[in-house]
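As C-alpha coordinates, the structure follows; a few thoughts come after it.
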Amino acid sequence: MTSVAHNFKDKARTGDVLISENVNFDGLLLSDPILKGLKSAGFERPSPIQLKAIPLGRCGLDLIVQAKSGTGKTCVFSVIALEGLQLDTSALQVLILAPTREIAIQIWDVVKSIGQALPQLRCHTFIGGMPLQEDKQKLKKCHIAVGTPGRMKQLIEQGVMNIENIRMFILDEADKLLEDSFQEQINWIYSTLPDNKQMLALSATYPEYLAEHLTAYMRNPTFLRLNVTDPALLGIRQYYKSVKFHPLPNKLFESKVEIVTALLSSIDFQQCLVFSNLQTMAQNMADALNSKGWPTACIAGCLDQKDRNLAMAKLKTFKCRVLISTDLTSRGIDADKVNLVINLDIPKDHETYLHRIGRAGRFGTFGGCVSIVSEGQEMVNLQSVERKCKTNISLLPGMHIKQ
(Lines of atoms letter the chains of each structure in order from A and count residues from 1; the text may use other names and numbers.)
(Lines give C-alpha, C1' and ligand atoms only; values in the text may rest on other atoms or scores of the structure.)
Protein backbone atom coordinates (compact mmCIF):
# COMPACT_ATOMS: atom_id res chain seq x y z
CA MET A 1 0.00 0.00 0.00
CA THR A 2 1.32 3.47 -0.85
CA SER A 3 2.78 5.61 1.90
CA VAL A 4 0.39 8.26 3.22
CA ALA A 5 2.93 9.75 5.63
CA HIS A 6 5.70 12.26 5.00
CA ASN A 7 9.31 11.08 5.05
CA PHE A 8 11.20 13.00 7.74
CA LYS A 9 14.52 12.33 6.03
CA ASP A 10 13.76 13.61 2.53
CA LYS A 11 13.67 17.33 3.40
CA ALA A 12 14.10 19.81 6.24
CA ARG A 13 11.20 20.17 8.70
CA THR A 14 10.09 23.01 10.97
CA GLY A 15 9.17 23.07 14.65
CA ASP A 16 5.51 22.66 13.66
CA VAL A 17 6.06 18.89 13.46
CA LEU A 18 9.31 18.23 15.34
CA ILE A 19 9.31 17.16 19.00
CA SER A 20 12.12 17.58 21.50
CA GLU A 21 11.39 14.26 23.22
CA ASN A 22 13.06 11.13 21.86
CA VAL A 23 9.75 9.34 21.38
CA ASN A 24 8.46 7.14 18.59
CA PHE A 25 5.02 5.59 18.15
CA ASP A 26 6.09 2.57 20.25
CA GLY A 27 6.12 4.91 23.25
CA LEU A 28 2.39 5.62 22.86
CA LEU A 29 1.49 2.06 23.93
CA LEU A 30 -0.33 1.22 20.71
CA SER A 31 -1.26 -2.30 19.65
CA ASP A 32 1.11 -4.26 17.42
CA PRO A 33 -1.14 -4.18 14.31
CA ILE A 34 -1.46 -0.38 14.53
CA LEU A 35 2.30 0.05 15.05
CA LYS A 36 2.91 -2.20 12.07
CA GLY A 37 0.41 -0.22 10.00
CA LEU A 38 1.95 3.12 10.98
CA LYS A 39 5.39 1.88 9.99
CA SER A 40 4.20 0.45 6.67
CA ALA A 41 2.33 3.69 5.92
CA GLY A 42 5.53 5.68 6.47
CA PHE A 43 4.85 7.21 9.89
CA GLU A 44 8.14 7.35 11.82
CA ARG A 45 7.81 9.68 14.81
CA PRO A 46 4.75 11.43 16.23
CA SER A 47 4.26 15.14 15.63
CA PRO A 48 3.53 17.39 18.64
CA ILE A 49 -0.25 17.10 18.23
CA GLN A 50 -0.06 13.32 17.76
CA LEU A 51 2.06 12.97 20.88
CA LYS A 52 -0.45 14.93 22.97
CA ALA A 53 -3.79 13.86 21.51
CA ILE A 54 -3.49 10.13 20.82
CA PRO A 55 -2.99 9.05 24.48
CA LEU A 56 -5.88 11.24 25.66
CA GLY A 57 -8.16 10.00 22.90
CA ARG A 58 -7.35 6.40 23.76
CA CYS A 59 -8.51 7.09 27.32
CA GLY A 60 -12.00 7.69 25.94
CA LEU A 61 -12.06 11.46 26.48
CA ASP A 62 -14.04 13.79 24.24
CA LEU A 63 -11.47 15.99 22.50
CA ILE A 64 -11.45 19.36 20.76
CA VAL A 65 -8.16 19.48 18.85
CA GLN A 66 -6.74 22.52 17.10
CA ALA A 67 -3.37 22.39 15.37
CA LYS A 68 -1.92 23.92 12.22
CA SER A 69 -2.67 22.56 8.75
CA GLY A 70 -0.54 19.61 7.75
CA THR A 71 0.71 18.64 11.22
CA GLY A 72 -0.90 15.20 11.43
CA LYS A 73 -4.47 15.52 12.74
CA THR A 74 -5.88 12.83 10.42
CA CYS A 75 -3.42 10.33 11.87
CA VAL A 76 -4.59 11.32 15.37
CA PHE A 77 -8.23 10.35 14.94
CA SER A 78 -7.44 7.41 12.64
CA VAL A 79 -5.29 5.77 15.33
CA ILE A 80 -7.82 6.49 18.10
CA ALA A 81 -10.68 5.08 15.98
CA LEU A 82 -8.78 1.95 14.95
CA GLU A 83 -7.61 1.17 18.49
CA GLY A 84 -11.20 1.26 19.76
CA LEU A 85 -12.71 -1.14 17.21
CA GLN A 86 -14.22 -4.54 17.91
CA LEU A 87 -13.44 -6.46 14.73
CA ASP A 88 -15.19 -9.68 15.74
CA THR A 89 -18.48 -8.06 14.73
CA SER A 90 -19.53 -6.49 11.44
CA ALA A 91 -21.38 -3.64 13.21
CA LEU A 92 -20.73 -0.01 12.27
CA GLN A 93 -18.87 1.57 15.20
CA VAL A 94 -17.24 4.81 14.00
CA LEU A 95 -18.75 7.70 12.05
CA ILE A 96 -16.34 10.25 10.54
CA LEU A 97 -17.73 13.38 8.87
CA ALA A 98 -15.84 15.69 6.51
CA PRO A 99 -17.06 18.84 4.70
CA THR A 100 -16.00 17.74 1.19
CA ARG A 101 -15.95 14.50 -0.75
CA GLU A 102 -12.23 14.90 -1.45
CA ILE A 103 -11.36 15.12 2.26
CA ALA A 104 -13.54 12.08 2.98
CA ILE A 105 -11.69 10.02 0.36
CA GLN A 106 -8.34 11.13 1.76
CA ILE A 107 -9.37 10.19 5.33
CA TRP A 108 -10.46 6.76 4.07
CA ASP A 109 -7.02 6.31 2.48
CA VAL A 110 -5.23 7.18 5.74
CA VAL A 111 -7.46 4.92 7.87
CA LYS A 112 -6.98 2.01 5.46
CA SER A 113 -3.22 2.55 5.36
CA ILE A 114 -2.77 2.69 9.14
CA GLY A 115 -5.17 -0.25 9.54
CA GLN A 116 -3.57 -2.39 6.83
CA ALA A 117 -2.39 -5.00 9.38
CA LEU A 118 -6.02 -5.57 10.46
CA PRO A 119 -7.30 -8.02 7.81
CA GLN A 120 -10.87 -7.94 9.16
CA LEU A 121 -11.11 -4.13 8.97
CA ARG A 122 -13.84 -2.72 6.75
CA CYS A 123 -13.76 1.04 6.19
CA HIS A 124 -15.78 2.69 3.41
CA THR A 125 -16.61 6.15 2.05
CA PHE A 126 -20.16 7.45 1.69
CA ILE A 127 -20.30 10.61 -0.42
CA GLY A 128 -22.64 12.35 -2.84
CA GLY A 129 -22.20 11.87 -6.55
CA MET A 130 -21.84 8.09 -6.18
CA PRO A 131 -24.54 5.40 -6.68
CA LEU A 132 -26.69 4.80 -3.60
CA GLN A 133 -26.84 1.08 -4.39
CA GLU A 134 -23.07 0.82 -3.90
CA ASP A 135 -23.42 2.36 -0.44
CA LYS A 136 -26.06 -0.20 0.51
CA GLN A 137 -23.68 -3.01 -0.45
CA LYS A 138 -20.77 -1.50 1.50
CA LEU A 139 -22.89 -1.14 4.64
CA LYS A 140 -23.45 -4.90 4.87
CA LYS A 141 -20.06 -5.03 6.56
CA CYS A 142 -18.54 -1.74 7.65
CA HIS A 143 -16.74 -0.85 10.88
CA ILE A 144 -15.82 2.76 10.01
CA ALA A 145 -17.94 5.01 7.79
CA VAL A 146 -16.30 8.13 6.37
CA GLY A 147 -18.44 10.59 4.48
CA THR A 148 -20.09 13.92 3.91
CA PRO A 149 -23.06 15.05 6.03
CA GLY A 150 -25.64 15.04 3.23
CA ARG A 151 -25.07 11.43 2.16
CA MET A 152 -24.72 10.18 5.75
CA LYS A 153 -28.02 11.81 6.73
CA GLN A 154 -29.72 10.31 3.68
CA LEU A 155 -28.51 6.79 4.52
CA ILE A 156 -29.59 7.07 8.16
CA GLU A 157 -33.00 8.52 7.20
CA GLN A 158 -33.65 5.68 4.77
CA GLY A 159 -32.80 3.12 7.44
CA VAL A 160 -29.92 1.78 5.36
CA MET A 161 -27.20 2.78 7.83
CA ASN A 162 -27.59 1.16 11.25
CA ILE A 163 -26.09 3.52 13.80
CA GLU A 164 -27.15 1.83 17.05
CA ASN A 165 -23.61 0.53 17.73
CA ILE A 166 -21.77 3.80 17.03
CA ARG A 167 -19.13 4.30 19.74
CA MET A 168 -17.21 7.19 18.22
CA PHE A 169 -18.30 10.31 16.29
CA ILE A 170 -15.57 12.37 14.61
CA LEU A 171 -15.82 15.80 12.99
CA ASP A 172 -12.85 16.63 10.77
CA GLU A 173 -12.58 20.32 9.80
CA ALA A 174 -15.03 20.90 12.64
CA ASP A 175 -15.24 24.66 12.21
CA LYS A 176 -16.45 24.20 8.63
CA LEU A 177 -18.94 21.50 9.60
CA LEU A 178 -20.48 23.81 12.20
CA GLU A 179 -21.10 26.64 9.73
CA ASP A 180 -24.71 27.38 8.77
CA SER A 181 -24.50 25.33 5.55
CA PHE A 182 -23.92 22.10 7.51
CA GLN A 183 -25.28 22.88 10.99
CA GLU A 184 -28.77 21.44 10.49
CA GLN A 185 -27.41 18.16 9.06
CA ILE A 186 -24.83 17.79 11.85
CA ASN A 187 -27.48 18.43 14.51
CA TRP A 188 -29.79 15.86 12.94
CA ILE A 189 -27.09 13.17 12.65
CA TYR A 190 -25.91 13.81 16.22
CA SER A 191 -29.46 13.51 17.56
CA THR A 192 -29.85 10.04 16.05
CA LEU A 193 -26.63 8.59 17.51
CA PRO A 194 -26.40 6.66 20.81
CA ASP A 195 -25.81 8.81 23.91
CA ASN A 196 -22.86 6.75 25.08
CA LYS A 197 -20.20 7.60 22.52
CA GLN A 198 -16.85 9.36 22.35
CA MET A 199 -16.61 12.50 20.23
CA LEU A 200 -13.58 14.07 18.58
CA ALA A 201 -13.56 17.42 16.78
CA LEU A 202 -10.49 18.62 14.91
CA SER A 203 -9.58 21.74 12.98
CA ALA A 204 -6.62 23.88 11.95
CA THR A 205 -8.47 27.09 12.76
CA TYR A 206 -10.47 27.98 15.83
CA PRO A 207 -13.14 30.67 15.31
CA GLU A 208 -14.83 32.04 18.43
CA TYR A 209 -18.08 30.12 17.94
CA LEU A 210 -16.39 26.71 17.79
CA ALA A 211 -16.02 25.96 21.52
CA GLU A 212 -19.57 27.13 22.30
CA HIS A 213 -21.07 24.95 19.56
CA LEU A 214 -18.98 21.87 20.30
CA THR A 215 -19.45 21.82 24.06
CA ALA A 216 -23.19 21.42 23.43
CA TYR A 217 -22.42 18.05 21.82
CA MET A 218 -19.72 16.82 24.20
CA ARG A 219 -19.23 15.58 27.75
CA ASN A 220 -16.63 17.68 29.56
CA PRO A 221 -14.38 17.92 26.51
CA THR A 222 -10.61 18.24 26.79
CA PHE A 223 -9.20 21.12 24.75
CA LEU A 224 -5.89 20.62 22.93
CA ARG A 225 -4.70 23.74 21.16
CA LEU A 226 -1.20 24.21 19.79
CA ASN A 227 0.34 27.45 18.50
CA VAL A 228 -2.62 29.58 19.59
CA THR A 229 -0.70 32.86 19.19
CA ASP A 230 1.05 31.84 15.95
CA PRO A 231 -1.49 30.13 13.67
CA ALA A 232 0.48 30.38 10.40
CA LEU A 233 2.85 27.59 9.40
CA LEU A 234 6.47 28.40 10.24
CA GLY A 235 7.81 27.16 6.91
CA ILE A 236 5.59 29.28 4.63
CA ARG A 237 6.93 32.55 3.24
CA GLN A 238 3.99 34.83 2.45
CA TYR A 239 4.02 37.51 -0.25
CA TYR A 240 1.64 39.64 -2.26
CA LYS A 241 1.84 41.07 -5.77
CA SER A 242 -0.27 44.13 -6.49
CA VAL A 243 -2.09 44.73 -9.76
CA LYS A 244 -3.81 47.88 -10.97
CA PHE A 245 -7.53 47.90 -10.35
CA HIS A 246 -9.76 47.82 -13.44
CA PRO A 247 -13.55 48.31 -13.32
CA LEU A 248 -14.01 45.62 -15.99
CA PRO A 249 -13.61 42.16 -14.39
CA ASN A 250 -12.29 40.58 -17.60
CA LYS A 251 -9.49 43.18 -17.84
CA LEU A 252 -8.52 42.61 -14.21
CA PHE A 253 -8.58 38.86 -14.87
CA GLU A 254 -6.24 39.26 -17.86
CA SER A 255 -3.76 41.14 -15.67
CA LYS A 256 -3.88 38.37 -13.09
CA VAL A 257 -3.31 35.71 -15.78
CA GLU A 258 -0.12 37.52 -16.81
CA ILE A 259 1.10 37.62 -13.21
CA VAL A 260 0.32 33.94 -12.58
CA THR A 261 2.15 32.98 -15.80
CA ALA A 262 5.16 35.08 -14.77
CA LEU A 263 5.17 33.55 -11.28
CA LEU A 264 5.09 30.00 -12.63
CA SER A 265 7.93 30.82 -15.04
CA SER A 266 10.17 32.52 -12.48
CA ILE A 267 9.64 30.57 -9.24
CA ASP A 268 11.28 27.19 -8.71
CA PHE A 269 8.42 24.97 -7.52
CA GLN A 270 7.38 21.32 -7.59
CA GLN A 271 3.60 21.68 -7.69
CA CYS A 272 1.33 24.69 -7.35
CA LEU A 273 -2.24 25.20 -6.17
CA VAL A 274 -3.97 28.32 -7.50
CA PHE A 275 -7.06 29.34 -5.52
CA SER A 276 -10.03 31.32 -6.80
CA ASN A 277 -13.15 32.48 -4.99
CA LEU A 278 -15.24 31.79 -8.10
CA GLN A 279 -15.83 28.57 -10.04
CA THR A 280 -15.97 30.38 -13.39
CA MET A 281 -12.68 32.15 -12.76
CA ALA A 282 -11.03 28.85 -11.79
CA GLN A 283 -11.99 27.20 -15.08
CA ASN A 284 -11.08 30.30 -17.09
CA MET A 285 -7.66 30.45 -15.44
CA ALA A 286 -7.06 26.76 -16.19
CA ASP A 287 -7.99 27.34 -19.84
CA ALA A 288 -5.72 30.40 -20.02
CA LEU A 289 -2.72 28.59 -18.54
CA ASN A 290 -3.24 25.54 -20.76
CA SER A 291 -3.27 27.82 -23.80
CA LYS A 292 0.04 29.29 -22.64
CA GLY A 293 1.66 25.87 -22.42
CA TRP A 294 1.19 25.06 -18.73
CA PRO A 295 -0.49 21.64 -18.30
CA THR A 296 -3.15 22.55 -15.77
CA ALA A 297 -6.03 20.71 -14.11
CA CYS A 298 -9.09 22.31 -12.53
CA ILE A 299 -11.32 21.22 -9.66
CA ALA A 300 -14.56 22.86 -8.52
CA GLY A 301 -17.86 21.86 -6.98
CA CYS A 302 -19.69 22.18 -10.32
CA LEU A 303 -17.72 19.25 -11.80
CA ASP A 304 -19.06 15.71 -11.50
CA GLN A 305 -17.39 13.40 -8.99
CA LYS A 306 -15.47 11.40 -11.58
CA ASP A 307 -13.77 14.57 -12.90
CA ARG A 308 -13.06 15.79 -9.37
CA ASN A 309 -11.45 12.46 -8.46
CA LEU A 310 -9.40 12.55 -11.67
CA ALA A 311 -8.09 16.05 -10.91
CA MET A 312 -7.07 15.01 -7.39
CA ALA A 313 -5.41 11.84 -8.71
CA LYS A 314 -3.40 13.90 -11.20
CA LEU A 315 -2.21 16.17 -8.40
CA LYS A 316 -1.22 13.38 -6.04
CA THR A 317 0.54 11.29 -8.69
CA PHE A 318 2.44 14.33 -10.01
CA LYS A 319 0.70 14.17 -13.40
CA CYS A 320 -0.07 17.87 -13.26
CA ARG A 321 2.11 20.61 -11.84
CA VAL A 322 -0.64 23.21 -11.51
CA LEU A 323 -4.13 22.71 -10.09
CA ILE A 324 -6.63 25.57 -10.19
CA SER A 325 -9.23 25.22 -7.46
CA THR A 326 -12.02 26.85 -5.58
CA ASP A 327 -11.91 26.47 -1.79
CA LEU A 328 -13.02 22.88 -2.32
CA THR A 329 -9.36 21.87 -1.76
CA SER A 330 -8.33 24.61 0.67
CA ARG A 331 -8.90 22.26 3.63
CA GLY A 332 -7.51 18.89 4.52
CA ILE A 333 -6.02 17.96 1.15
CA ASP A 334 -2.52 16.57 1.50
CA ALA A 335 -0.27 16.55 -1.58
CA ASP A 336 3.31 16.49 -0.39
CA LYS A 337 4.86 17.99 -3.55
CA VAL A 338 2.79 21.19 -3.40
CA ASN A 339 5.17 23.92 -2.26
CA LEU A 340 3.59 26.97 -3.90
CA VAL A 341 0.14 28.47 -3.37
CA ILE A 342 -1.18 31.40 -5.41
CA ASN A 343 -4.31 33.29 -4.39
CA LEU A 344 -6.06 34.84 -7.40
CA ASP A 345 -8.13 36.81 -4.93
CA ILE A 346 -8.34 37.18 -1.17
CA PRO A 347 -10.63 34.66 0.57
CA LYS A 348 -13.66 35.88 2.48
CA ASP A 349 -12.14 35.19 5.92
CA HIS A 350 -8.72 34.78 7.47
CA GLU A 351 -9.39 31.17 8.48
CA THR A 352 -9.74 30.22 4.81
CA TYR A 353 -6.48 32.04 4.07
CA LEU A 354 -4.68 29.94 6.70
CA HIS A 355 -6.17 26.75 5.26
CA ARG A 356 -5.15 27.74 1.73
CA ILE A 357 -1.51 28.47 2.57
CA GLY A 358 -1.47 25.25 4.58
CA ARG A 359 -1.60 23.28 1.30
CA ALA A 360 2.07 24.23 0.83
CA GLY A 361 4.60 23.26 3.45
CA ARG A 362 2.82 20.06 4.46
CA PHE A 363 4.07 18.35 7.62
CA GLY A 364 6.60 21.01 8.51
CA THR A 365 8.21 21.49 5.10
CA PHE A 366 8.96 24.83 3.46
CA GLY A 367 6.91 26.58 0.81
CA GLY A 368 5.60 29.90 -0.41
CA CYS A 369 2.33 31.73 -0.97
CA VAL A 370 1.73 34.69 -3.30
CA SER A 371 -1.57 36.59 -3.14
CA ILE A 372 -2.44 38.69 -6.19
CA VAL A 373 -4.29 41.79 -5.02
CA SER A 374 -5.73 44.73 -6.91
CA GLU A 375 -5.48 48.23 -5.51
CA GLY A 376 -8.38 49.29 -3.31
CA GLN A 377 -10.72 46.86 -1.54
CA GLU A 378 -8.66 43.73 -2.22
CA MET A 379 -5.64 45.38 -0.59
CA VAL A 380 -7.79 46.34 2.41
CA ASN A 381 -8.97 42.71 2.64
CA LEU A 382 -5.38 41.45 2.54
CA GLN A 383 -4.35 43.80 5.34
CA SER A 384 -7.29 42.54 7.42
CA VAL A 385 -6.19 38.92 6.84
CA GLU A 386 -2.61 39.80 7.78
CA ARG A 387 -3.75 41.43 11.03
CA LYS A 388 -6.13 38.64 12.06
CA CYS A 389 -3.62 35.89 11.22
CA LYS A 390 -0.92 37.72 13.22
CA THR A 391 1.47 37.17 10.35
CA ASN A 392 3.61 39.16 7.93
CA ILE A 393 2.76 39.27 4.20
CA SER A 394 5.52 41.06 2.29
CA LEU A 395 5.60 42.67 -1.15
CA LEU A 396 7.05 40.14 -3.60
CA PRO A 397 10.47 41.48 -4.61
CA GLY A 398 12.13 41.44 -7.99
CA MET A 399 9.17 41.00 -10.36
CA HIS A 400 8.40 43.67 -12.92
CA ILE A 401 5.38 42.78 -15.02
CA LYS A 402 3.98 45.14 -17.59
CA GLN A 403 0.33 45.89 -16.81
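For the sequence shown, position 253 matches number 253 in the UniProt record's numbering, and the numbering has no gaps at all.
Here a beta-carbon is modelled for each residue, glycine too, at the ideal position from N, C-alpha and C.
Burial check for P194: the Cβ neighbour count within 10 Å stays below 16, so the residue is exposed.
Within its own chain, the residues whose Cβ lies closer than 8 Å to the Cβ of M312, once the five positions on either side in sequence are excluded, are E102, I105, I299, T329 and I333, listed in chain order. Between Q93 and M168, the beta carbon gap of about 7 Å places them in contact (Cβ cut-off 8 Å). Take the alpha-carbon of I166 and the one of D62: they are about 15 Å apart. Of the candidates A174, S90 and F253, A174 places its Cα closest to the Cα of T215. When secondary structure is reduced to three states using DSSP, T222 falls in the strand class. V160 sits in coil when the DSSP states are folded into three classes, being neither helix nor strand.
Three or more Cβ pairs drawn from the segment 344 to 361 and the segment 193 to 210 lie within less than 8 Å of each other, which places the two stretches in contact. Contact between I236 and C369 holds, since their C-beta atoms are separated by about 6 Å, short of 8 Å.
The beta carbon of K73 sits closer than 7 Å to the beta carbons of I49, V65, A67 and L202 from its chain, once the five residues preceding and following it are set aside; these are given in chain order. By the criterion of at least three beta-carbon pairs nearer than 8 Å, the segment 272 to 280 is in contact with the segment 306 to 325. The Cβ neighbour count for L29, taken over all protein chains shown within 10 Å, is under 16; the residue is labelled exposed. For F253, the enclosing alpha helix (DSSP H) covers residues P249 to S266. Assigned with DSSP and collapsed to three states, R308 falls in helix.
Looking at N24, W188, L264 and M281, the one whose alpha-carbon comes closest to that of V338 is L264. In the structure shown, D172 falls within a strand segment according to DSSP collapsed to helix, strand and coil.
The Cβ atoms of L139 and V160 sit closer than 8 Å to each other. By the 16-neighbour rule on beta-carbons within 10 angstroms, T280 is exposed. Note on geometry: alpha-carbon atoms of A286 and T296 lie some 6 Å from one another.
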